[in-house]
Every structure is written in C-alpha cells, then in structure tokens.
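Participant: Counting from 1 along the sequence shown, just add 18 to a position and that's the residue number in our numbering. Where a beta carbon is used, it is the ideal one built from N, C-alpha and C, also for glycine. Quick one: this structure, given as structure tokens, is what I'll be asking you about.
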Amino acid sequence: MKYFTTTSKASRRAVDCVIVGVYTRSRLGVGAEDVDAASKGEITKRIKSGDVSASIGHCEILTNVPGIKADRVAVVGLGKSGKLTATGFKKAVTAAAQAITRTKAKSVLNCLTLEPVDSSSAYYLARHTAESVNDVLYRFTQMKSGRKKKGSPLSSVGLAIAKRGDAAKAMRGAEHGEGIATGVSLARELGNLPANVCTPSYLARTAKKLATGKGKLTTKVLSEAEMKRLGMGSLLSVSAGSAEPAKLIVMQYKGAGSDQPVVLVGKGVTFDTGGISLKPGPAMDEMKFDMCGAAGVIGTMAAVAKMKLPINLTVVVPAVENMPSSTATKPGDIVKSMSGQTIEVLNTDAEGRLILCDALTYSRRFKPAAIIDVATLTGACVVALGAHRTGIMSNSEELREEIFAAGETAEDRGWPLPLGEEYAAQLKSNFADMANIGGPGGGAVTAGCFLGKFTDGLNWAHLDIAGTAWKSGAKKGASGRPVPMLSQVLLARCGVLP
Ligand code: BES
Ligand code: MN
Ligand code: ZN
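Written as structure tokens, this is what we have:
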C-alpha cells in the first residue's frame, strides 16, 4: 500500500473515494462540512432523508456528488460529536474500508484523520488507518482452487492533515501501521493454514525465509536430537506421539548493538488433539490455531524488522504436534524438564506449558531484559475473559502494567490475572516435583503458575491468547492478535510516542 498526506480539502482532491464523517444531531465532520459546502448541501440532504447514519460502524457510499473532484464519497457515522475515541475511529475507518473494497476504487483519501479523537496525534491516526485498511484487505486464498476472485484494487491511501507540519508524523504513523499490518497478516496466514500444511517444519521454514536478505535478522532451528542433548524432556514428551518432528525455532534481530534483548516465546502446537487425553470431536478443527502464539511472535518479529526498530529482539518458538499414538506420552508419565524439575503429566492435553517451560529455560541464555511468552494456553482463559481481552500474568507488576498499557494504546487489549502461591499449590504431585494440571478452579492462573516455576529471577510475563487469537463461527479465522499489542510494547521501549 502507498500512502500520501495532503492538506487539500476533501472536495478538491481527485481520488476515487474520499472518506468523511458525520456526527449525531446533523453535525458534520471537517471533511463532510467541506463536501457539503462544495455540493450545495448534498450531505445535509442525505442526513435529512435518512440515507446516511451517524452510528459508528455505518458507511454509505455516495456517487455523482456535484461540485467535488472525487468519484465517490464514503460517509461514515462517528457517533456523538466531541466524543470520538480511538476505538470509534478504528471502527469508522474499518466500516469505510469494507464499503470501499466492494467498489473498484484504487485511491482513497481519509479525511477522518482531521477529526478530534481523544488526544490522538497525526501519527496515531495515520497508523490506525493503515492497520485497519490492511486488516480489511486481508483474504485467505492460498488453499482455494480454481479462478480466484479478484480482490480490491485499492493501492493508495491518503491521510488528510491539518497543517504541513504534521506530514512527517503522519507518514511515520503509516509506515509503522504498515509494519504492524505485515506482522498481523503473517500471523493470520500462519494461523489459518491447516495443520497438514503448517507443521513444525513449515513454521521453521517460514522463520528461516524471513531472515534471508535482512542483515539484522538471523534464524536457527534446533532438531529433536539437539533438544534431547539440551535435556528438553518435557518439550519432547509432547511430540512423542507424532510423526512430525519437533523444532525449536530461534530468531534474533539486532537493532541495538549489545543491549539485552526482549525475548518473545510463542506456543507452536501446530495441532492439538489433546494426545491420549483426547479432545472431544466438536470444533476440534480449531486446534489448528494452537500455534497462534508462535504466529504472533513470528509476526511481531516481521513487524519489528519491517519498521527497523532500534531494539534487540529474540523470538523462541517451540513447535510440536500433539498426537495420540503408541509412542505418545500417557497420563501419569513423569518427564524431566531442561530446568531439572520433574513433571507428572496428569493430562496430555495440558501440553502447551510442557513445551513452553523448556523454551523458557532455554531462553535464559539470552539474558533477557524482559521475556514474554504468548500462548493459546487454556480454555479457562476464554471463560474468564471471552474473546475480547488477552490474559496478562506476570511476576513483575511493572511489566504487567507496561503490557496492559500497550494493549490499550494499540487497541489490542489485555487484562491482568493474578499469580500466587495459593494457586501454585494446586499443582502438587505425589510422585514428581509438580503436576501439569491444577484442578478445576482457576485454570488460566494455575497454567501461569506452572510457567512461573521456570522463570525465577526473570522479568517475565505470560499472555494467554486462547480467546483472542482466532474467531469462531461464520467469521472463523485467525485475528493476528497479539501482534499489535506486542509491537506497541517494543515501539514504546524504543521511545516512539503514540
Ligand atoms: N490449546 C488448548 C487450550 C484451548 C482450548 C485454547 C480451547 C482455546 C480453546 C490447551 O492445550 C488445552 O487443551 N488446555 C486444557 C488444559 C486442561 C487440560 C488443564 C484446557 O484448557 O482444557
Ligand atoms: Mn491441549
Ligand atoms: Zn494446546
């Protein structure tokens, strides 16, 4: 996507479509005001006739509007005047993009960036425009045969700015939005691929491809034999029943010399049958999304590399397939983790933590400034927070707050969940150092506590994305979350102000 900024009026720019907004009680946004004046009241007329709505999420495309240079005018609802939030702004841009991509428009000018939105800057509104437009344009077509439907030809997005001085900020915002969108699209693509294509080896190949040609980014992949030598008995116990070999993917981006890196660890279970503790049939196909933690951290790496951020970032992905077979781990089996701690596997469906614990122990060698693991870890987190917010757990209040704030800024929200001794006690085992499940209560938290036993002394946080990584139902598909949240954590660490 190409971006440009302009101070010219909505009515004066010859694009295929201009986006303007209207508020309730017939109040017009900046762009709508101008189009209304140039067209001798077209917008006001349509408000009166009820053809355009001020509700956020509504969009009407007007053609043949007299007195203006653009072929079309997309009029979107912005709700109550003076009350537009960043969330509302994003919804409005998304609605406009959805309507516009049903037309043949190649170029648009977004005039909504002229509206007062909370305390949002030109950078921020440009970035969210880029992120929203890309999200709407995304289609998963790889696996469809036959003649593919042509997508929208949209290739140029203009950002209206109030003054010349905002141009550089808006362009920076668009650039960062484009970077984040690259990561989101990659995460969605990896998530949406079926498990017979997206295997641990496929994830490893994808990570390797990202590294070629980009000097600052390197990828290495550890084999099962190497993991065995490192003592990763817990990780390997999960892939024991699968014909697909496990991989440990390590990506390193060096944008800041010898600084300690931020390490992101992503759960890469390319399919989770539950193993011998087999899952029930309904919706089991959705367990192809059980590698969305991996997709999220690889996507974030792609975003950071594209934005060329001055930061050191390391991504570690334990990638496995969880299958039942005669070689699979059985309930009651005891495995030894890389940390030396032993684990009684009471349920082979609690496999995410078994691969993450070894990946976390491995990551100590990078002396992380902060380490964040990302996982579709528990159904209990979906019960607790639904599909709206990612669960955030941490042994550091500061890091938890940092991630929470980043989620708010990025419009990719999380919510804190506790950790603590009283929950950790639920993991007691009669036979090993710990069990891999903690009973029926507080499942998201006991999973976090399990990981906490491997992160002593680290500045660590755990994100449970079981509810947010994909959508079910008619809109089934990977969301690309938490790439925006994690990208924002890293942008903020680079001192980029929203
Ligand atoms: N991948 C699942 C978690 C999950 C389930 C995510 C449903 C999204 C939707 C994970 O490996 C799992 O099976 N967890 C178990 C843990 C339990 C056995 C302690 C769960 O949540 O039921
Ligand atoms: Mn499972
Ligand atoms: Zn799982």
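Is it true that the CB of W478 sits closer than 8 Å to the CB of I389?
Facilitator: The residue you call residue 389 lines up with position 371 of the sequence shown. The residue you call residue 478 lines up with position 460 of the sequence shown. Yes.
Participant: Would DSSP call V400 helix, strand or coil?
Facilitator: Mapped onto the sequence shown, residue 400 falls at position 382. Helix, per DSSP.
Participant: Rounded to whole angstroms, what's the CA-CA distance from A32 to F22? Just pull it up for me.
Facilitator: Along the sequence shown, one-based indexing puts residue 32 at 14. Along the sequence shown, one-based indexing puts residue 22 at 4. Straight-line Cα distance between these residues: approximately 13 Å.
Participant: Closer than 7 Å: is that where the CB of N210 sits relative to any heavy atom of the ligand BES?
Facilitator: The count along the sequence shown starts at 1 and reaches residue 210 at position 192. Checking every heavy atom of the ligand BES against the Cβ of N210, none is found closer than 7 Å.
Participant: If I measure Cβ to Cβ from L504 and keep anything under 6 Å in the same chain, skipping five residues before and after, which residues do I get?
Facilitator: As a first step, residue 504 is located in the sequence shown; it is residue number 486 there, counting from the start. Cβ within range, chain order: T318.
Participant: Could you spell out where the beta strand (DSSP E) holding Y380 opens and where it closes?
Facilitator: The residue labelled residue 380 in the question sits at position 362 within the sequence shown. It is not in any beta strand (DSSP E) - Y380 instead sits in the alpha helix (DSSP H) that spans 370 to 381.
Participant: Looking at C-beta atoms only, is the number of pairs between the segment 243 to 252 and the segment 215 to 230 that lie closer than 8 Å three or more?
Facilitator: These segments do not touch.
Participant: Measuring CA to CA, which of V135, L515, A424, C512 is closest to L481?
Facilitator: On the sequence shown, residue 481 is found 463 positions in, with the first residue counted as 1. When only C-alpha atoms are compared, the closest one is A424.
Participant: Helix, strand or coil for I198, going by three-state DSSP, please let me know.
Facilitator: The residue labelled residue 198 in the question sits at position 180 within the sequence shown. Helix.
Participant: For the segment 82 to 99 against the segment 153 to 167, are there 3 or more C-beta pairs whose distance is under 8 Å?
Facilitator: No, they do not touch.
Participant: Taking Cβ to Cβ, would you say K108 is nearer than 8 Å to S150?
Facilitator: Sequence index remark: in the sequence shown, residue 108 carries index 90 (1-based). Sequence index remark: in the sequence shown, residue 150 carries index 132 (1-based). Yes, the pair counts as a contact, with Cβ atoms nearer than the cut-off.
Participant: Which same chain residues, not among the five before or five after M302, have their C-beta less than 8 Å away from its C-beta?
Facilitator: Within the sequence shown, the letter at position 284 stands for residue 302. Closer than 8 Å at Cβ, skipping near neighbours: T291.
Participant: Which residue's Cα is closest to the Cα of A405: E415, G432, K348, K20?
Facilitator: Here residue 405 refers to the residue found at position 387 when the sequence shown is read from its first residue. Answer by Cα proximity: G432.
Participant: Please indicate yes or no: does the CB of A479 lie closer than 7 Å to some heavy atom of the ligand MN?
Facilitator: As a working mapping, residue 479 is identified with position 461 in the sequence shown. No; taking the cut-off as 7 Å, the Cβ of A479 has no heavy atom of the ligand MN nearer than that.
Participant: Could you give the distance in angstroms between the alpha-carbon of T217 and the alpha-carbon of M309?
Facilitator: What you label residue 217 is simply residue 199 of the sequence shown in a count that begins at 1. What you label residue 309 is simply residue 291 of the sequence shown in a count that begins at 1. Roughly 10 Å between the two C-alpha positions.
Participant: Within its chain, find whatever has a CB closer than 6 Å to the CB of Q116; leave out the 5 residues flanking it on each side and keep chain order.
Facilitator: Residue mapping note: residue 116 aligns to position 98 of the sequence shown, counting from 1. Here the set comprises V154.
Participant: I need the residues with a C-beta less than 5 Å from some heavy atom of the ligand BES; please give them in chain order.
Facilitator: Every residue passing the under-5 Å Cβ criterion appears here: D290, D308, N365, D367, A368, G370, T394, T396, G397, I455, A484.
Participant: Since M269 sits in a beta bridge, which residues does DSSP pair it with?
Facilitator: Residue mapping note: residue 269 aligns to position 251 of the sequence shown, counting from 1. M269 pairs with T237, V333.
Participant: Straight-line CA distance for D351 to S73?
Facilitator: On the sequence shown, residue 351 is found 333 positions in, with the first residue counted as 1. On the sequence shown, residue 73 is found 55 positions in, with the first residue counted as 1. Roughly 57 Å separates the two Cα atoms.
Participant: Is the segment 452 to 460 close to the segment 491 to 505, with three or more CB pairs under 8 Å?
Facilitator: No, the segment 452 to 460 is not in contact with the segment 491 to 505.
Participant: Kindly list the residues whose CB is nearer than 6 Å to the CB of Q359, restricted to its own chain and excluding five residues on each side of it in sequence; keep chain order.
Facilitator: In the sequence shown, counting from the first residue as 1, residue 359 sits at position 341. For Q359, where only same-chain residues beyond five positions count, the Cβ hits under 6 Å are D451.
Participant: When we look at the beta-carbon of D391 and count the other beta-carbons within 10 Å, is it buried (16 or more) or exposed?
Facilitator: For this step, residue 391 is matched to residue 373 along the sequence shown. With 16 or more other Cβ atoms within 10 Å, it is buried.
Participant: Going by CA-CA distance only, name the one from V94, A402, A496, S412 that's closest to A113.
Facilitator: As a first step, residue 113 must be located in the sequence shown, where it is residue number 95. Of V94, A402, A496, S412, the residue nearest in Cα terms is V94.
Participant: Decide if V126 is buried, meaning its Cβ has at least 16 other Cβ atoms within 10 Å, or exposed.
Facilitator: To locate residue 126, count along the sequence shown from 1; it is residue 108. Buried: at least 16 other Cβ atoms inside 10 Å.
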